[in-house]
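Peer 1: Okay, so the sequence shown: first residue is 1 according to full-length UniProt numbering, each after it adds one.
Please see the structure below; I have some questions.
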Amino acid sequence: MTPAARGAQAGACPFCAIVSGESPAQVVLETEHTVAFLDVRPVFKGHTLLVPRRHVVTLPDLPADLLAPYLTATQRLASAMVEALGAQGSFVAVNNVVSQSVAHLHTHVVPRTRGDGLRGFFWPRTKYADGEAAAYAQRLRQALDGGA
């Protein structure tokens with residue numbers, strides 16, 4: 001999907017409706033560039049979603065000028081989980097397209113305590129064959145270096 005097509009979908013975006021005040025939410029943080037609100041289906045009480053005010057679909061789509069404000073707000077929320085809720089830490093996650101239930105960038109900040117029952121990602125694990133890890137690393141380095 002092109003950035004223009006993604007932007008066209010912003011009108012039907014439930015997170016844009018929260019940002020604009022059209023839909024109610026339990027807002028916990030508002031900055032010039034971000035809004036954070038409680039998830040209506042929390043993993044644990046206090047589970048918060050952070051979104052950019054601007055309709056952006058995935059983290060790779062986030063403009064460079066919003067990276068620092070977005071990460072700063074994420075950091076503030078992670079600290080607040082400990083201070084305000086007595087959590088021992090937090091889980092911070094972003095889905096890009098796969099498992100992304102709303103097509104608007106959102107970061108989950110979830111309070112965590114030892115023994116809370118959350119047992120990781122439940123992802124299957126695999127192993128690299130001999131030499132395969134080096135090949136994967138090389139492919140990623142090439143992509144990061146602009147395809148060189």
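Glycine included, every Cβ here is placed at the ideal spot set by N, Cα and C.
Owing to the predicted nature of the structure, the values given are computational and were not obtained by experimental measurement.
Looking only at its own chain, which residues have a Cβ that is under 8 angstroms from the Cβ of Ser90, when we skip the five neighbours before and after it?
Peer 2: Within the sequence shown, numbered from 1, the residue matching residue 90 stands at position 90. Only Leu77, Ala78, Met81, Val82, Val109, Val110, Pro111, Arg112 meet the Cβ criterion.
Peer 1: Going by C-alpha distance, which of Ser99, Gly46, Val51 is nearest Cys13?
Peer 2: In the sequence shown, residue 13 corresponds to position 13, counting from 1. Here the closest residue by C-alpha is Val51.
Peer 1: Rounded to whole angstroms, what is the Cα-Cα separation between Thr74 and Thr107?
Peer 2: On the sequence shown, position 74 is the one that residue 74 refers to. On the sequence shown, position 107 is the one that residue 107 refers to. Their Cα atoms are separated by approximately 8 angstroms.
Peer 1: Which residue comes first and which comes last in the beta strand (DSSP E) that contains Thr107?
Peer 2: For the purposes of this step, residue 107 is identified with residue 107 of the sequence shown, where counting begins at 1. Thr107 -> beta strand (DSSP E) spans 107 to 112.
Peer 1: Just reading off the alpha helix (DSSP H) that Ala133 is part of, what are its end residues?
Peer 2: Working through the sequence shown from its first residue, we reach residue 133 at position 133. It spans 132 to 144 - the alpha helix (DSSP H) in which Ala133 sits, taken as one unbroken run.
Peer 1: Enumerate in chain order the residues of its own chain whose CB-to-CB distance from Met1 is below 6 angstroms, with the five nearest sequence positions on each side excluded.
Peer 2: The sequence position of residue 1 within the sequence shown is 1, counting from 1. Bear in mind that a pLDDT of 39 at Met1, under 50, signals an unreliable position, so the number given afterwards is only what the model happens to contain. None.
Peer 1: What is the residue span of the beta strand (DSSP E) that Ala93 lies within?
Peer 2: As a first step, residue 93 must be located in the sequence shown, where it is residue number 93. Counting along the chain, the beta strand (DSSP E) containing Ala93 begins and ends at 89 to 94.
Peer 1: Report the partner residues of Thr34 according to the DSSP bridge assignment.
Peer 2: Residue 34 sits at position 34 when you count from the first residue of the sequence shown. Thr34 is bridged to Pro52.
Peer 1: Is Val98 buried or exposed, if buried means 16 or more other CB atoms sit within 10 Å of its CB?
Peer 2: Locating residue 98 in the sequence shown gives position 98, counting from the first residue. Classification for Val98: exposed.
Peer 1: Within 8 angstroms, do at least three Cβ pairs link the segment 54 to 68 to the segment 23 to 30?
Peer 2: No contact exists between the segment 23 to 30 and the segment 54 to 68.
Peer 1: Should Leu105 go down as buried or exposed, given a rule of 16 or more other Cβ atoms within 10 Å for buried?
Peer 2: On the sequence shown, position 105 is the one that residue 105 refers to. Its Cβ being crowded by 16 or more others within 10 Å, Leu105 is buried.
Peer 1: Does the beta-carbon distance from Arg54 to Val35 come in below 8 angstroms?
Peer 2: What you label residue 54 is simply residue 54 of the sequence shown in a count that begins at 1. What you label residue 35 is simply residue 35 of the sequence shown in a count that begins at 1. No, the pair does not count as a contact, with Cβ atoms beyond the cut-off.
Peer 1: Going by DSSP, what residues sit across from Leu29 in a beta bridge?
Peer 2: Translated into the one-based positions of the sequence shown, residue 29 becomes position 29. Ala36.
Peer 1: Identify, in the order they occur along the chain, each residue of the same chain with its Cβ nearer than 8 angstroms to the Cβ of Ala17, setting aside the five sequence neighbours on each side.
Peer 2: By one-based count along the sequence shown, residue 17 stands at place 17. So the qualifying residues of the chain are Ser23.
Peer 1: Where do the N-terminal and C-terminal ends of the alpha helix (DSSP H) with Ser79 fall, by residue?
Peer 2: On the sequence shown, residue 79 is found 79 positions in, with the first residue counted as 1. Segment 64 to 85, the alpha helix (DSSP H) holding Ser79.
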